[in-house]
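Undergrad: Structure in structure tokens, see below.
There are 2 protein chains.
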Amino acid sequence: MVPHLVTALNGPINELEQRILESTPVIERWFRLEWMEHTPPFYTSVDVRNAGFKLAPVDTNLFPAGWNHLTPEMMPLAVQAAMAAIEKICPEAKNLLLIPENSTDTFYLSNLAQLQRIFYQAGLNVRLGSLSPEIDTARTFELPGGESVTLEPLVRSKRRLGLKHFDPCTILLNNDLSAGVPGMLEDLHEQYLLPPLHAGWGTRRKSNHFKAYEEVAKRFGKLLGMDHWLINPMFSQCGEVNFAEERGLECLRSNTDALLTKIRRKYKEYGINEKPFVVIKADNGTGGLGILTVRDVKDIDAMTPAVRERMATVQAGQTVSEVIIQEGVLTNERINAAVAEPVVYMMDRYVVGGFYRVHAQRGTDENLNAPGASFVPLAFEQSAQLPQPGVKPGASVPNRFYMYGVIGRLAMLAAAYELEATDPDAENYD
Amino acid sequence: MVPHLVTALNGPINELEQRILESTPVIERWFRLEWMEHTPPFYTSVDVRNAGFKLAPVDTNLFPAGWNHLTPEMMPLAVQAAMAAIEKICPEAKNLLLIPENSTDTFYLSNLAQLQRIFYQAGLNVRLGSLSPEIDTARTFELPGGESVTLEPLVRSKRRLGLKHFDPCTILLNNDLSAGVPGMLEDLHEQYLLPPLHAGWGTRRKSNHFKAYEEVAKRFGKLLGMDHWLINPMFSQCGEVNFAEERGLECLRSNTDALLTKIRRKYKEYGINEKPFVVIKADNGTGGLGILTVRDVKDIDAMTPAVRERMATVQAGQTVSEVIIQEGVLTNERINAAVAEPVVYMMDRYVVGGFYRVHAQRGTDENLNAPGASFVPLAFEQSAQLPQPGVKPGASVPNRFYMYGVIGRLAMLAAAYELEATDPDAENYD
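Chains D and W, in that order, give the protein sequences. Using the numbering used here, the letters of the first sequence correspond one by one to residues 1 to 430. Using the numbering used here, the letters of the second sequence correspond one by one to residues 1 to 430.
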């Protein structure tokens with residue numbers, strides 16, 4: 001399954017691929033040194049878009065679901081990476097408590113079964129503790145493949161969180177805390193809590209992430225001697241927007257206009273014959289909700305009441321007031337004529353797999369993380385770490401995936417910077 | 001490709017497999033804690049034999065060749081493990097100097113190309129420096145797959161070893177130093193030398209390894225509540241044997257007799273209806289040379305002059321005087337009627353792959369590491385880390401391979417103990 005890159009203009013990406021391949025030892029050493037200074041997030045998934053002339057991350061998830069979309073061939077890499085992660089953080093750990101989203105959707109439960117399998121195999125007893133009030137007693141859900149997943153109610157004591165007869169030394173969140181941090185998770189000083197609470201959307205802001213990513217992209221661009229715009233989506237932000245009451249839209253208009261102008265300038269510089277667009281989304285996480293594609297400032301004023309309502313609230317019913325306006329990156333990859341974007345999965349500092357998110361009903365400039373999407377697992381496990389030197393740029397799938405793995409890791413590094421900058425417990429030397 | 005286990009008596013191994021699978025988190029945690037106290041060898045391969053009633057390592061190689069027999073699917077695991085190893089030992093490393101055996105055999109050169117690929121991908125510039133006097137200028141060898149390997153002469157300065165215009169901070173030996181430590185490798189205090197010189201056969205003794213392995217096997221047996229004999233080959237040793245002049249054979253006779261008696265007792269205990277045998281080999285490494293299968297003490301006296309001569313010298317022309325007498329472990333696995341034994345490959349603490357060594361002309365109680373052997377790569381990459389819980393013992397290939405990976409790692413742990421005990425620079429608190 002080789003996705004087809006549908007674009008006449010792929011010179012810049014082929015050049016980037018070439019540069020990245022030639023520089024493998026330099027790149028890997030650079031990452032190695034970065035990870036000495038910065039702690040990678042426990043696990044990360046990154047949505048990447050390849051426009052042919054530009055390749056950039058558009059979303060970095062620190063509580064990735066979708067592990068069930070990785071193929072069995074990718075699992076050993078995930079297990080090995082999980083072993084490395086645990087060994088560094090809590091080698092003496094016996095029990096791992098996994099705290100999921102409240103969803104009992106079959107796909108999501110399959111994701112939990114996969115995570116449970118990975119960490120079991122890495123040497124931990126894994127059980128699932130739900131925050132949902134509906135799980136007031138242990139409930140087992142059967143999955144299509146014959147597997148099952150058991151959700152249990154959490155038991156909080158003064159100092160520790162666990163389950164009945166299960167006292168974990170490590171707690172892993174697979175819940176992005178969109179609704180804020182539940183009291184149950186606060187003041188746990190005796191147990192490892194991964195990722196930290198400030199990685200949740202109660203604290204996280206996309207603009208912080210992409211600010212950190214810009215810094216990473218600039219340094220990486222310098223390392224490879226290339227324009228960082230080729231891998232960096234430009235953005236700006238507005239702090240006080242109320243879609244429902246149409247307040248703060250002036251900020252949105254002027255920033256959108258300025259950003260469209262900047263993109264137009266870049267397109268001209270590279271001779272790109274595409275229509276620039278920006279994507280407006282909530283700064284504090286969306287899970288694919290409340291995303292608006294804007295090609296012209298007039299689009300903002302032309303929002304219908306339905307669109308306005310959709311933009312006004314995101315996941316977990318939070319009201320949107322902070323907004324990020326991001327340079328839109330076309331996805332010019334197709335699988336059977338459907339628009340596709342690669343998603344890179346990482347555990348600790350390692351790329352362990354990935355898949356293509358495919359959406360037949362969406363356009364190249366639209367968000368694909370929406371109902372109707374399907375998933376095509378791809379052989380990242382072979383390719384992300386094994387490029388084929390000597391093959392013509394753009395012609396080799398492994399080479400293209402190695403590049404995706406590099407971009408995914410740049411976004412992960414940005415997340416590491418971001419978490420350091422927003423750590424409430426960090427000592428501040430400013 | 002599923003090897004067939006040809007034996008009526010596989011109860012003990014199925015029970016062991018069952019026990020190992022049930023205990024996965026306990027085993028993985030135990031390894032994790034062991035690796036906190038003990039440094040794994042940089043890379044290791046272990047020959048394992050499955051007799052159906054017993055499963056044991058018979059040889060542990062700290063300078064493994066044969067990496068070319070691993071399939072492309074296994075490479076990402078090797079790369080990831082290499083990244084982890086480098087990151088711990090020398091994260092700032094740019095250049096790696098690989099020192100091979102003097103062989104220019106195509107298979108061996110393919111092994112070097114594979115190692116070069118793994119470490120390049122892990123982020124190092126890799127070049128090959130030969131100890132051979134024949135390599136007095138850079139020589140490039142073409143390989144069947146279209147690849148090539150360049151061997152260059154080593155350049156030694158007062159304090160450092162390198163190549164012309166190549167100053168590595170890390171030196172990796174793929175040469176087992178059978179002929180002793182060359183002066184060129186001595187007194188290198190500024191560079192990392194991996195594995196350490198005392199891992200070479202100039203210092204190493206199989207008896208030290210199996211003494212350490214016995215300790216490991218006992219502790220592992222206790223952990224799982226099982227007789228450690230099921231995974232531990234018994235052995236004894238003789239210090240002053242001269243095959244050519246027939247001196248020291250009395251020690252050989254009495255130890256062989258005593259060992260055969262001990263094996264017979266164990267066979268009786270487990271109701272094993274096989275003829276016990278021992279394997280006599282040089283204590284300081286053989287590379288498959290000078291190995292004698294003995295079923296009766298009389299076999300020792302019946303050695304022909306040709307066999308005596310073969311036993312008297314090993315690799316690199318060293319004279320044998322120290323000898324290990326090891327409990328013979330049948331290999332009861334077959335691929336297309338040919339006798340097969342699994343070989344487990346590890347990098348740092350991780351199982352990254354393996355293959356079956358197959359020999360059509362050899363018996364179940366003979367050494368398979370001999371001319372005429374062929375290699376069948378096996379999907380260790382999936383199976384060594386991904387057992388299938390709930391499958392009947394003995395029926396699942398992944399489960400069997402997970403068990404092989406555990407045994408391989410026990411032998412690797414024994415090598416870690418062994419290297420600590422024989423480290424000339426270690427502080428001695430005795």
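Here a beta-carbon is modelled for each residue, glycine too, at the ideal position from N, C-alpha and C.
Please state if the CB of D/Asp348 and the CB of D/Ala81 are separated by a distance shorter than 9 angstroms.
TA: Numbered from 1 along the first sequence, position 81 holds the residue referred to as residue 81 of chain D. Numbered from 1 along the first sequence, position 348 holds the residue referred to as residue 348 of chain D. In contact: D/Ala81 and D/Asp348 (Cβ atoms closer than 9 angstroms).
Undergrad: Would DSSP call W/Leu112 helix, strand or coil?
TA: Here residue 112 of chain W refers to the residue found at position 112 of the second sequence. Reduced to three states, the DSSP call for W/Leu112 is helix.
Undergrad: Starting from the C-beta of D/Leu109, find all residues in its chain whose C-beta is less than 7 angstroms away, skip the five residues before and the five after it, and write them out in chain order.
TA: Looking up residue 109 of chain D in the first sequence gives position 109. Result list for D/Leu109: Phe141, Leu143 and Val149, in chain order.
Undergrad: Where does D/Gly372 sit, in a helix, a strand or coil, going by DSSP?
TA: The count along the first sequence starts at 1 and reaches residue 372 of chain D at position 372. D/Gly372: coil per DSSP, three-state reduction.
Undergrad: Along the beta strand (DSSP E) that carries D/Glu152, what are the first and last residues, could you check?
TA: On the first sequence, position 152 is the one that residue 152 of chain D refers to. That run of the beta strand (DSSP E) goes Ser148 to Pro153.
Undergrad: For W/Thr24, return the contacting residues in chain D, with the cut-off set at a CB-CB distance below 8 angstroms.
TA: As a first step, residue 24 of chain W is located in the second sequence; it is residue number 24 there, counting from the start. Correct list: Tyr120, Gln121 and Gly123.
Undergrad: Secondary structure at D/Ser207, three-state DSSP: helix, strand or coil?
TA: Position 207 of the first sequence, counting from 1, holds the residue named residue 207 of chain D. Reduced to three states, the DSSP call for D/Ser207 is helix.
Undergrad: Nearest to W/Asp299 by CA position, among W/Asn332, W/Leu249, W/Ile263 and W/Glu341, is which residue?
TA: Taking the first residue of the second sequence as 1, we reach residue 299 of chain W at position 299. It is W/Leu249.
Undergrad: Could you check the C-alpha separation between D/Tyr43 and D/Thr261 for me, to the nearest Å?
TA: As a working mapping, residue 43 of chain D is identified with position 43 in the first sequence. As a working mapping, residue 261 of chain D is identified with position 261 in the first sequence. The straight-line gap from Cα to Cα measures roughly 36 angstroms.
Undergrad: Between W/Ala411, W/Phe63 and W/Arg204, which lies nearest to W/Asn111 when the distance is taken from Cα to Cα?
TA: Translated into the one-based positions of the second sequence, residue 111 of chain W becomes position 111. Cα-wise, what sits closest to W/Asn111 is W/Phe63.
Undergrad: Please check if any C-beta of chain D sits within less than 9 angstroms of the C-beta of W/Tyr350.
TA: Position 350 of the second sequence, counted from the start, is the residue given in the question as residue 350 of chain W. It does; some Cβ of chain D falls within 9 angstroms.
Undergrad: In angstroms, rounded to a whole number, what distance separates the CA positions of D/Ala51 and D/Asn332?
TA: Within the first sequence, residue 51 of chain D is the residue found at index 51, counting from 1. Within the first sequence, residue 332 of chain D is the residue found at index 332, counting from 1. So the alpha carbons of these two residues sit roughly 5 angstroms apart.
Undergrad: In terms of residues, what are the limits of the beta strand (DSSP E) holding D/Ile291?
TA: Your numbering for residue 291 of chain D matches position 291 in the first sequence. Counting along the chain, the beta strand (DSSP E) containing D/Ile291 begins and ends at Ile291 to Val294.
Undergrad: What span of residues does the alpha helix (DSSP H) with W/Pro305 cover, start to end?
TA: Within the second sequence, the letter at position 305 stands for residue 305 of chain W. From DSSP, the alpha helix (DSSP H) with W/Pro305 extends over Pro305 to Ala312.
Undergrad: Using the rule of at least 16 other Cβ atoms within 10 Å of the residue's Cβ for burial, across every protein chain shown, is D/Arg49 buried or exposed?
TA: Along the first sequence, read from residue 1 onward, the residue named residue 49 of chain D stands at position 49. By the 10 Å Cβ count, D/Arg49 comes out buried.
Undergrad: Between which residues of its own chain and D/Val294 is the CB-CB distance below 7 angstroms, once the five residues before and five after are set aside?
TA: The sequence position of residue 294 of chain D within the first sequence is 294, counting from 1. Once the five neighbours on either side are set aside, the close Cβ partners of D/Val294 are Thr256, Phe277, Val278, Ile280 and Ile300.
Undergrad: Three or more beta-carbon pairs under 8 angstroms between the stretch 340-356 of chain D and the stretch 406-425 of chain D, yes or no?
TA: Short answer: they touch.
Undergrad: Could you check what DSSP says for W/Asp59 in three-state terms: helix, strand or coil?
TA: As a position in the second sequence, residue 59 of chain W is number 59, starting the count at 1. W/Asp59: strand per DSSP, three-state reduction.
Undergrad: Within 10 angstroms of its Cβ, does W/Gly162 collect 16 or more other Cβ (buried), or is it exposed?
TA: Here the question's residue 162 of chain W lines up with position 162 in the second sequence. Looking at its Cβ environment, which holds 16 or more other Cβ atoms inside 10 Å, W/Gly162 is buried.
Undergrad: Mind checking which residues open and close the beta strand (DSSP E) that includes W/Pro342?
TA: Here residue 342 of chain W refers to the residue found at position 342 of the second sequence. First-last of the beta strand (DSSP E) with W/Pro342: Ala338 to Met347.
Undergrad: Give me the chain D residues within the contact set of W/Gln114, using Cβ-Cβ distance strictly less than 8 angstroms, ordered along the chain.
TA: Here residue 114 of chain W refers to the residue found at position 114 of the second sequence. Per Cβ cutoff of 8 angstroms: no residues; W/Gln114 is ~11 angstroms from chain D at best.
Undergrad: Closer than 9 angstroms between beta carbons: that is the criterion. Which residues of the stretch 14-46 of chain D meet it against chain W?
TA: Taking 9 angstroms as the Cβ-Cβ cut-off against chain W, the residues of the stretch 14-46 of chain D that qualify are Thr24, Pro25, Val26, Ile27, Glu28, Arg29, Trp30, Phe31, Arg32, Leu33, Trp35 and Met36.
Undergrad: Would you say D/Leu193 and D/Phe119 are within 9 angstroms of each other, going by their C-beta atoms?
TA: In the first sequence, counting from the first residue as 1, residue 193 of chain D sits at position 193. In the first sequence, counting from the first residue as 1, residue 119 of chain D sits at position 119. No, the pair does not count as a contact, with Cβ atoms beyond the cut-off.
Undergrad: Taking C-alpha atoms, which residue in D/Thr106, D/Ala312 and D/Lys158 lies nearest to D/Glu190?
TA: Working through the first sequence from its first residue, we reach residue 190 of chain D at position 190. The residue with the shortest Cα to Cα distance from D/Glu190 is D/Lys158.
Undergrad: Taking W/Glu269 as part of the alpha helix (DSSP H), name the residues at either end of that continuous run.
TA: Along the second sequence, read from residue 1 onward, the residue named residue 269 of chain W stands at position 269. Counting along the chain, the alpha helix (DSSP H) containing W/Glu269 begins and ends at Leu249 to Glu269.
Undergrad: Check D/Asn174 in the structure and name its three-state DSSP category.
TA: Here the question's residue 174 of chain D lines up with position 174 in the first sequence. Residue state, collapsed to three classes: strand.
Undergrad: Between which two residues does the alpha helix (DSSP H) containing W/Glu34 stretch?
TA: Your numbering for residue 34 of chain W matches position 34 in the second sequence. Counting along the chain, the alpha helix (DSSP H) containing W/Glu34 begins and ends at Thr24 to Glu37.
Undergrad: To which residues does DSSP link D/Cys238 through a beta bridge?
TA: Numbered from its first residue, the first sequence carries residue 238 of chain D at position 238. For D/Cys238, which the question treats as bridged, DSSP gives the partners D/Val323.
Undergrad: Under a Cβ-count criterion, where at least 16 other Cβ atoms within 10 Å of its own Cβ denotes burial, should D/Met403 be classed as buried or exposed?
TA: Counted from its first residue, the first sequence places residue 403 of chain D at position 403. Buried, since its Cβ has 16 or more Cβ neighbours within 10 Å.
Undergrad: For W/Val376 versus W/Tyr356, is the C-beta distance shorter than 9 angstroms?
TA: For the purposes of this step, residue 376 of chain W is taken as residue 376 along the second sequence, with counting starting at 1. For the purposes of this step, residue 356 of chain W is taken as residue 356 along the second sequence, with counting starting at 1. Closer than 9 angstroms, so yes.
Undergrad: Closest Cβ-Cβ distance between D/Met83 and chain W: below 9 angstroms?
TA: In the first sequence, counting from the first residue as 1, residue 83 of chain D sits at position 83. It does: the Cβ of D/Met83 has a partner Cβ on chain W nearer than 9 angstroms.
Undergrad: Apart from the five residues on each side of it in sequence, which residues of its chain come closer than 7 angstroms, Cβ to Cβ, to D/Ser321?
TA: On the first sequence, residue 321 of chain D is found 321 positions in, with the first residue counted as 1. Only Glu240, Val241 and Asn242 meet the Cβ criterion.
Undergrad: Tell me where the beta strand (DSSP E) around D/Leu193 begins and ends.
TA: The residue given as residue 193 of chain D occupies position 193 in the first sequence. From DSSP, the beta strand (DSSP E) with D/Leu193 extends over Tyr192 to Leu194.
Undergrad: Drop a sphere of 10 angstroms on the beta-carbon of D/Met74, count the other beta-carbons inside from all chains shown, and report buried for 16 or more, exposed for fewer.
TA: Your numbering for residue 74 of chain D matches position 74 in the first sequence. D/Met74 comes out buried.
Undergrad: Just to confirm my understanding: we take W/Gln382, look at its own chain, exclude 5 residues before and 5 after, and list those with CB closer than 6 angstroms. What are they?
TA: The residue given as residue 382 of chain W occupies position 382 in the second sequence. Residue placement at W/Gln382 is flagged as unreliable, the pLDDT there being 47, under the threshold of 50; the coordinate-derived value follows with that caveat. Nothing listed; no residue qualifies.
Undergrad: Look up W/Ala282 in the DSSP assignment and say whether it is helix, strand or coil.
TA: Residue numbering aside, residue 282 of chain W sits at position 282 when the second sequence is read from its first letter. Here W/Ala282 sits in strand by DSSP.
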